[in-house]
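Following: one structure in structure tokens, then a few remarks.
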Amino acid sequence: MRAAVTLTLAEAAAVLEPPLTEAQLREILHALRWEPDGWRRTGKRGHPWPEYDAAALMKLHAALVPFLPKERLLCACGCMPRRVCGLSHGR
286 MRAAVTLTLA EAAAVLEPPL TEAQLREILH ALRWEPDGWR RTGKRGHPWP
336 EYDAAALMKL HAALVPFLPK ERLLCACGCM PRRVCGLSHG R
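Using the working numbering, the first residue of the sequence shown is number 286, and each one after it goes up by one.
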């Protein structure tokens, strides 16, 4: 039996390209009424973190990309995805 890879929303937000924030992912999943696939215990007091199937999150993200505004997809110079470019563009 193969175990599924799961991600927290923070982990998913860190690897998705083009990026979505943790809050954006949370709102999308809430609107779709997705339930967590599991819960990650942190070993500390408080609520455990919800985990979602990584493959399902990637498929969802791929389906959403065509609907993202173009300025979210490219860096300021329009050369490539924002996280890849590396140019400061006056920032």
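For glycine and all other residues, C-beta sits at the position ideal for the given N, C-alpha and C.
Source: prediction; values computed, not measured.
Between the alpha carbons of residue i and residue j, how many angstroms are there, rounded?
i	j	result
residue 325	residue 333	5 Å
residue 375	residue 346	Here residue 375 scores only 44 on pLDDT, less than 50, and its place in the model is too uncertain to base an answer on.
residue 289	residue 296	15 Å
residue 314	residue 308	10 Å
residue 329	residue 351	39 Å
residue 304	residue 353	10 Å
Taking the alpha helix (DSSP H) that residue i falls in, what are its first and last residues?
i	result
residue 311	307-316
Taking only three categories from DSSP, how would you classify residue i?
i	result
residue 296	helix
residue 335	strand
Taking 9 Å as the cut-off, decide whether the C-beta atoms of residue i and residue j are in contact.
i	j	result
residue 293	residue 335	yes
residue 301	residue 343	yes
residue 322	residue 341	yes
Within the same chain, show all residues whose beta-carbon is closer than 6 Å to that of residue i, passing over the 5 residues directly before and after it, in chain order.
i	result
residue 349	none
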